[in-house]
Each structure stands twice: as C-alpha cells, then as structure tokens.
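Using the working numbering, read the sequence shown as starting at 39 and increasing by one per residue.
Ideal placement from N, C-alpha and C gives every residue a C-beta, glycine not left out.
Structure, as structure tokens:
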Amino acid sequence: GYFRFPETLKEENRRGFSLARANPLGSLISIAKHPTVLIVLGALFLIQLANHSYSSIWSFYTAEVAGWTPFLIGLSVSAYGLGMAVVQGALTGPVIEKFGEVRAVYFTVFVGVTSFLILAFATSGSNIYVGIAIGVFSAFLSPALQSLMTSRTPADSQGELQGAITSLYSVASIISPAIMALLFTAYTDETGPYLPGAPFILAAGLILGAAAIFTVAARRMSRDPLPPAQASETVAQTFD
C-alpha cells in the first residue's frame, strides 16, 4: 500500500508522526479537544454495545425461541445482512442528504428500539422476522453519526477520529458479548425467570441511552451549525 497508493491528504493538512497520538488512548485524548465530537462518540459506543447483541446470542436465541435449525438460523442471518446492505448502500446517502443527519439518527433510534423490543418478546419465527424487517432500517445510524463527527473534525485530525472510532468498536466487541451471553444464560436458566430476549431489552435501553447522549450533541450543533456549503461537501464525501 505504501508504494502503490498515493497520499490523498493535502500537504497543508498533514502533521508529523507522533507516538503519543498513535494509539487508542492518544486518539481519544486528541478528539477530546472537540467536545461535540466526543459526545457523539459516546453515543456511538453505546450503539455498538447494543448491536453486538445480535452476534453474541443470535444462534442460541433463535433456537430457544423458534426451535430453528442451523440452516434456518443461517438463513435469518443472511436475510438480515442482505437487508442491511441494501438499506445502507442504496438509501443511507439519499435519506441523510434529504432529511439531515440529526433526523436520520432519531428515526433509526425509533426503529432500532422497536426492533429490539419485538425480538425481546418474540414467541415465534414470524415475530423474529418482523423484528429483522424493521431492524434493517437502523443501518442509517452509524453512517449518520460518523458523518456528523467527520464534518466537525479538522482535516488534520480525520485519521485520529477514525482511529478513535475503531478503538471504541473494538472495546465494544470485547465487552458486549460477555454481558449479552451472561444475560441470556441467566434468563434461560430453569431456576430463574424465563425471557430469552432479555439481552435485546438491554440493547433497547442502550439505544435510548445513546439517543439521550446524542440529544446533548444535537443541541450544541444547533447553536453552532455548519455553513451550508461545508455541510453539503461533508455528505458528498461521506457517501461517495
């Protein structure tokens, strides 16, 4: 990559290498200079914790609730993945460009919470597919948040922003599966209350928590909006 791909960042926006910034903690400290971006990062972290509920318990959950075989479980994962790809690939850019990132975030919070609650109390395979069909429209959420953060981060800090996002994703992928699996086990044990979808209730709560955090950032952004030209340029760069 070093020899074949040219540097795309303009010369005036480049900075010298710093070992203090070239690590997850350094990236977060650097991004902390931009409070609104840091707040949105916090919301994105909670969203990632919630989203890992799928990968953590899906096969056990669907087998418990609907008695699905490995083939049917795989089919449901494919359906969810295909739906997310279609929504994110074909609809995200136009929707955000038309309605704006903030409205897109609140819309996806609504559908995300609705989907998680349907899955939490599902009693059949058809209920699960209803939850999937609604949940795929939450594909707008992460791109909308990243677009907001990108637009409010200086050009010479974009790499640090992406590093901070990746670091938070990694931390979420470590923490969430353990919590979700523990919760599923606790609520399918014969000695306790029975609710296989309990992890999805937690996921819905995390999404609502993310929405509350995001509201703080949205208020800050409403007091200091981007110029129209810069906002349009950001959307175009994010989804091209």
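Span of the alpha helix (DSSP H), counted from its first residue to its last, around residue i
i, result
"residue 73", "73-104"
"residue 132", "130-137"
"residue 109", "108-124"
"residue 164", "163-173"
"residue 238", "236-261"
Residue from the options whose Cα sits closest to the Cα of residue i
i, options, result
"residue 180", "195, 161, 164 and 204", "204"
"residue 177", "161, 89 and 234", "89"
"residue 113", "96, 102 and 126", "96"
"residue 258", "170, 183, 91 and 74", "74"
"residue 69", "193, 116 and 168", "193"
"residue 148", "250, 217, 71 and 188", "250"
"residue 138", "167, 110, 103 and 183", "183"
"residue 187", "66, 78, 71 and 67", "78"
"residue 233", "102, 67, 93 and 66", "102"
"residue 253", "144, 228 and 135", "144"
Residue i, DSSP secondary structure in three states
i, result
"residue 159", "coil"
"residue 311", "Residue 311 falls outside the range modelled here, since the chain spans only 39 to 278, and no answer is possible."
"residue 177", "helix"
"residue 276", "Here the model assigns residue 276 a pLDDT of 47, short of 50, so the residue's position is not dependable, and the following value carries that caveat. It is helical."
"residue 265", "Only weak support exists for where residue 265 lies, its pLDDT of 43 falling under 50; the coordinates are left without a value."
"residue 233", "coil"
"residue 271", "Because the pLDDT at residue 271 is just 48, under 50, the model does not fix this residue reliably, and the point stays unresolved."
"residue 182", "helix"
| field | In chain order, each alpha helix (DSSP H) run of at least 4 residues that lies wholly inside the stretch 189-229 | value | 196-224
| message | Would you call the stretch 232-248 in contact with the stretch 147-156, where contact means no fewer than 3 C-beta pairs closer than 8 Å? | response | yes
| On the three-pair Cβ rule with 8 Å, is the stretch 240-256 touching the stretch 68-85? | yes
| said: When you compare the stretch 185-200 with the stretch 210-219, are there three or more beta-carbon pairs, one atom per stretch, that lie closer than 8 Å? | reply: no
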